[in-house]
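When you line the sequence shown up against the working numbering, it's residues 2 to 546, in that order.
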Amino acid sequence: MRLQIGGRFESRATGYWVTFVFVLAACALFGCSNGPDVNEAHYLGKALHYWNPSWCEDDFFFNSSDAHLVFYWVFGWVPAIVGLETASITGRLIAWVLLSVSWLSLCRALSLDGIRTIIAALLWFGLVRWCHLSGEWIVGGIEAKGLSLPFAIWGAAAVVKGQWGRAYILLGVSTSLHVLVGGWTFGMAGMTQCFLARKELLTVKNVKWLACGVALALPGLVPALLLNNTASNVDVALANDIYVFKRLPHHLVFSNFDTFRVSCGAGLLLGWMGWFIWRNRARANDSCWKRWDYLVFGSILFAAIGLVFSAVMAPSQSGAGVLRYYWFRSFDVFVPAVLATGFASLPRLKGSLQLAIVVGICTFMGLEQRERWRDGRSLAAQQSMPQSLRKDPEARRKVTFRIWRDWVLACRWIKENTPDDIVVLTPRRQQTFKWHAHRSEVVNWKDIPQDANGLLEWNRRMESVYTEPVIHKGFEANAKHVRWCAKTYPFDYVVATHFVPTGDLGWERVYPGSETSPRASSSFYVVYKVNRDSMSGDAVEGSSE
2 MRLQIGGRFE SRATGYWVTF VFVLAACALF GCSNGPDVNE AHYLGKALHY WNPSWCEDDF
62 FFNSSDAHLV FYWVFGWVPA IVGLETASIT GRLIAWVLLS VSWLSLCRAL SLDGIRTIIA
122 ALLWFGLVRW CHLSGEWIVG GIEAKGLSLP FAIWGAAAVV KGQWGRAYIL LGVSTSLHVL
182 VGGWTFGMAG MTQCFLARKE LLTVKNVKWL ACGVALALPG LVPALLLNNT ASNVDVALAN
242 DIYVFKRLPH HLVFSNFDTF RVSCGAGLLL GWMGWFIWRN RARANDSCWK RWDYLVFGSI
302 LFAAIGLVFS AVMAPSQSGA GVLRYYWFRS FDVFVPAVLA TGFASLPRLK GSLQLAIVVG
362 ICTFMGLEQR ERWRDGRSLA AQQSMPQSLR KDPEARRKVT FRIWRDWVLA CRWIKENTPD
422 DIVVLTPRRQ QTFKWHAHRS EVVNWKDIPQ DANGLLEWNR RMESVYTEPV IHKGFEANAK
482 HVRWCAKTYP FDYVVATHFV PTGDLGWERV YPGSETSPRA SSSFYVVYKV NRDSMSGDAV
542 EGSSE
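What follows is the structure in structure tokens.
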């Protein structure tokens with residue numbers, strides 16, 4: 002790969018590494034943020050617990066079935082050694098390096114030079130970030146998907162080159178890391194070979210490579226298949242219904258997608274159709290681009306099948322069993338990828354136009370990053386924590402930041418002043434308690450198990466703990482219900498929101514206390530220590546209160 006700069010060409014090796022650095026910088030531009038990212042507390046926490054079961058040993062979610070064993074084997078030991086924060090930074094860097102190298106491999110297969118590879122990367126990142134259909138992302142925090150995707154892109158590059166054996170090996174690795182990311186791409190590769198190289202499909206050599214790919218996929222596939230081996234068919238159907246239609250319809254059910262997101266998906270599809278028509282006229286004999294187009298067509302076909310299932314089978318329990326497999330995920334990744342590489346390959350894209358695209362995307366994302374860092378909170382907090390309702394933007398930003406700061410201070414107080422083996426009742430929507438406090442919790446909205454038995458227990462806990470009065474008025478205004486919860490789910494402490502004083506749980510409020518700083522004394526979050534002796538005479542009540 003050669004990088005054209007000022008009318009001259011750098012050497013092949015130098016051009017490759019310069020291009021790599023720029024693509025890696027693009028990853029950082031789009032993915033850099035305060036930790037934890039949206040899924041990092043979820044994935045890294047479970048990975049740490051896998052290697053150190055005494056960490057948050059009584060946490061309900063951490064003790065549920067493990068669906069991503071290969072990720073835990075490959076990376077789970079890192080947070081156990083260096084801690085969650087350092088593991089987050091390390092994992093992101095590893096994922097971005099792998100993604101950059103795999104992207105260069107794909108662009109080299111498509112004969113894109115260095116500057117066009119950089120433009121294609123920026124376009125790809127931008128299209129996925131701003132024009133996704135089902136909420137997918139490609140650059141962000143470290144999780145199983147972040148390590149699986151680079152191998153899926155490497156596999157796609159091998160398909161583009163017609164190296165089917167290598168493709169199946171790489172996609173087998175991808176599937177072992179994340180069964181859906183790799184599995185869908187594996188299926189797309191198989192479809193592409195059926196369309197364009199069917200004579201090679203059943204040859205001994207190809208069957209051997211295909212078998213090797215499947216064998217490599219088994220460490221990720223088998224745990225996923227065994228998740229529900231102890232659950233009845235009725236429980237599995239009910240769990241699927243909860244998973245698809247209650248917890249994740251915004252990713253899985255087309256009819257629940259936001260109108261703007263559907264418009265973006267339609268725009269991506271129309272863009273691909275226009276590209277496909279132009280490519281068949283201008284590059285009909287280019288076998289690499291043809292294989293790339295057919296591979297991406299597989300993702301469109303899967304999304305179309307998901308759309309049909311959403312229309313015909315939702316909201317039935319049988320439909321949930323089919324829709325839970327993220328039919329739209331590969332569409333969000335690969336259609337933007339083919340549009341980005343296709344646009345970057347256009348002959349008229351030269352000189353000042355190339356520079357304008359790079360500057361435009363970097364400026365737009367830079368402004369978004371400026372707001373992200375100005376906010377000061379982690380992305381996980383931005384997604385899940387309460388925000389101020391002040392009308393003045395600056396006052397709203399400051400109060401919103403203070404809400405998050407008070408949350409972190411309360412969590413840190415628990416970490417520093419309570420035994421390691423306690424269980425805590427926490428606000429419903431937060432997702433970073435274990436990250437900051439290193440203590441077990443009863444349940445939260447984000448941490449949903451993957452197995453049927455765990456899903457049903459999660460749903461039971463969510464419905465029994467977070468009743469409508471609790472959701473609207475908080476724990477302090479529902480002391481009687483919280484005391485019932487303490488008998489049902491023996492927790493030791495409660496973290497309650499304290500935006501407006503609405504009551505008292507009748508237990509000792511240990512934080513903020515007299516020893517805390519003046520800033521913390523007016524905290525938006527308070528911590529209660531459960532006194533079980535005081536509950537001995539309480540009547541047992543149901544969660545329907």
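Heads up, the beta-carbon is just placed ideally off N, CA and C, and yes, glycines get one too.
- prompt: When the Cβ atoms of the region 118 to 131 are set against those of the region 145 to 160, are three or more pairs found closer than 8 Å?
  reply: No, the region 118 to 131 does not touch the region 145 to 160.
field: Uninterrupted alpha helix (DSSP H) stretches inside the region 140 to 177 (no shorter than 4 residues)
entry: 145 to 162
task: Using beta-carbon positions only, say whether G184 and T176 come within less than 8 Å of one another.
output: In the sequence shown, the residue the question calls residue 184 occupies position 183. In the sequence shown, the residue the question calls residue 176 occupies position 175. For G184 and T176, yes; Cβs fall inside 8 Å.
query: Excluding the five sequence neighbours on either side, which residues of its own chain have a C-beta within less than 6 Å of the C-beta of K488, listed in chain order?
result: Taking the first residue of the sequence shown as position 1, residue 488 is located at position 487. Here the set comprises nothing.
- request: Specify, as a first and last residue, the run of the alpha helix (DSSP H) that K416 falls within.
  value: Reading the sequence shown from its first residue, position 415 is the one you call residue 416. Run containing K416: P394 to N418, per the alpha helix (DSSP H) assignment.
task: For the beta strand (DSSP E) containing T498, list its first residue and its last residue.
output: The residue you call residue 498 lines up with position 497 of the sequence shown. Y494 to T498 is the extent of the beta strand (DSSP E) around T498.
- prompt: To the nearest angstrom, how far is it from the Cα of A396 to the Cα of T87?
  reply: The residue labelled residue 396 in the question sits at position 395 within the sequence shown. The residue labelled residue 87 in the question sits at position 86 within the sequence shown. Linking A396 to T87 through their CA atoms gives a straight-line distance of about 32 Å.
field: DSSP three-state assignment for V245, whether helix, strand or coil
entry: Here residue 245 corresponds to residue number 244 of the sequence shown, with the count starting at 1. DSSP places V245 in helix when its eight states are reduced to three.
- prompt: Apart from the five residues just before and just after Y73, which ones in its own chain have a Cβ nearer than 8 Å to its Cβ?
  reply: To locate residue 73, count along the sequence shown from 1; it is residue 72. The residues are K47, A48, Y51, W52 and D67.
- prompt: Cβ atoms of G166 and K200: under 8 Å apart, would you say?
  reply: Along the sequence shown, read from residue 1 onward, the residue named residue 200 stands at position 199. Along the sequence shown, read from residue 1 onward, the residue named residue 166 stands at position 165. Cβ distance not < 8 Å, so K200 and G166 don't count as in contact.
field: Meets three-Cβ-pair contact criterion under 8 Å: the region 224 to 231 and the region 91 to 101
entry: Result no; under three Cβ-Cβ pairs closer than 8 Å.
- request: Determine the extent of the beta strand (DSSP E) in which V511 is found, giving its start and end residues.
  value: Indexing the sequence shown from 1 puts residue 511 at position 510. Note, V511: beta strand (DSSP E), E509 to Y512.
- prompt: Do A478 and Y529 have their C-beta atoms within less than 8 Å of each other?
  reply: On the sequence shown, position 477 is the one that residue 478 refers to. On the sequence shown, position 528 is the one that residue 529 refers to. The answer is no: Cβ separation not under 8 Å.
- prompt: Just how far apart, CA to CA, sit G455 and I449?
  reply: Position 454 of the sequence shown, counted from the start, is the residue given in the question as residue 455. Position 448 of the sequence shown, counted from the start, is the residue given in the question as residue 449. Their Cα atoms are separated by approximately 8 Å.
- prompt: Do you know whose CA, among P151, A312, E509 and G214, lies nearest L25's CA?
  reply: The residue you call residue 25 lines up with position 24 of the sequence shown. When each option's Cα is compared against that of L25, the closest is P151.
query: Relative to the C-alpha of R248, which residue among D114, A321, G142 and L340 is closest?
result: Counted from its first residue, the sequence shown places residue 248 at position 247. Closest in alpha carbon position to R248, among D114, A321, G142 and L340, is A321.
task: Could you tell me whether the Cβ atoms of G136 and D38 are closer together than 8 Å?
output: To locate residue 136, count along the sequence shown from 1; it is residue 135. To locate residue 38, count along the sequence shown from 1; it is residue 37. No.
message: Whether or not the region 326 to 334 and the region 298 to 310 are in contact is what I'm after, with contact meaning three or more pairs of Cβ atoms, one per stretch, closer than 8 Å; do they touch?
response: yes
- request: List the endpoints of the continuous alpha helix (DSSP H) containing V501.
  value: Sequence index remark: in the sequence shown, residue 501 carries index 500 (1-based). Run containing V501: none; DSSP gives neither H nor E here.
task: Could you please give the first and the last residue of the uninterrupted beta strand (DSSP E) stretch that includes Y526?
output: Taking the sequence shown and counting its residues from 1, the one referred to as residue 526 is at position 525. Note, Y526: beta strand (DSSP E), Y526 to K530.
Within the region 182 to 222, ranges of the alpha helix (DSSP H) (whole runs, at least 4 residues): 199 to 202
field: Reference S379; option with closest CA among R13, F21 and S34
entry: The residue given as residue 379 occupies position 378 in the sequence shown. That would be S34, whose Cα lies nearest to the Cα of S379.
Minimum C-alpha distance to D259 - residue among S389, Q451, R406 and C132: Position 258 of the sequence shown, counted from the first residue, corresponds to residue 259. Selection S389, Q451, R406 and C132 evaluated against D259 yields C132 as nearest (Cα-Cα).
- prompt: So, is K392 buried or exposed, given that buried needs 16 or more other C-beta atoms within 10 angstroms?
  reply: Numbered from its first residue, the sequence shown carries residue 392 at position 391. So K392 counts as exposed.
- prompt: So, are the CB atoms of S346 and L111 less than 8 Å apart?
  reply: Position 345 of the sequence shown holds residue 346. Position 110 of the sequence shown holds residue 111. The answer is yes: Cβ separation under 8 Å.
task: Give me the Cα-Cα distance between V1 and G173, rounded to the nearest whole angstrom.
output: Lying outside 2 to 546, the shown extent of the chain, residue 1 is not represented and no answer is given.
task: Measure the Cβ-Cβ separation of Y244 and R325 and say whether it is below 8 Å.
output: Here residue 244 refers to the residue found at position 243 when the sequence shown is read from its first residue. Here residue 325 refers to the residue found at position 324 when the sequence shown is read from its first residue. Yes.
message: Which same chain residues end up closer than 8 Å to A29 when comparing Cβ atoms and leaving out the 5 residues on each side of it in sequence?
response: For the purposes of this step, residue 29 is taken as residue 28 along the sequence shown, with counting starting at 1. Same-chain partners within the cutoff: W97.
message: As a quick exercise: from L308, L178 and G32, pick the residue whose alpha carbon is nearest that of V254.
response: The residue given as residue 254 occupies position 253 in the sequence shown. Taking only the C-alpha atoms, the option nearest V254 is L308.
task: With distances taken Cα to Cα, identify the nearest neighbour of S65 among A480, W459, E41 and Y526.
output: The residue you call residue 65 lines up with position 64 of the sequence shown. It is W459 whose Cα lies nearest to the Cα of S65.
task: Express the C-alpha separation of Q318 and D236 in angstroms, rounding to a whole number.
output: Looking up residue 236 in the sequence shown gives position 235. Looking up residue 318 in the sequence shown gives position 317. So the two alpha carbons sit approximately 11 Å from each other.
- prompt: In three-state terms, what does DSSP make of L226?
  reply: If you number the sequence shown from 1, residue 226 lands on position 225. If DSSP states are grouped into helix, strand and coil, L226 belongs with the helices.
- request: Using three-state DSSP, classify E137 as helix, strand or coil.
  value: Along the sequence shown, read from residue 1 onward, the residue named residue 137 stands at position 136. Note: E137 maps to coil in three-state DSSP.
task: Provide the residue span of the beta strand (DSSP E) that contains V483, from first to last.
output: Against the sequence shown, residue 483 aligns to sequence position 482. No beta strand (DSSP E) contains V483, which is instead part of the alpha helix (DSSP H) from A480 to T489.
Assigned exposure category for P250 - 16 Cβ within 10 Å defines buried: Indexing the sequence shown from 1 puts residue 250 at position 249. By the neighbour-count criterion, in which a residue is buried when 16 or more other Cβ atoms sit within 10 angstroms of its Cβ, P250 is buried.
C-alpha gap between S264 and S300, whole angstroms: Here residue 264 is taken as the residue at index 263 of the sequence shown, counted from 1. Here residue 300 is taken as the residue at index 299 of the sequence shown, counted from 1. When rounded, the distance between both Cα atoms is 18 Å.
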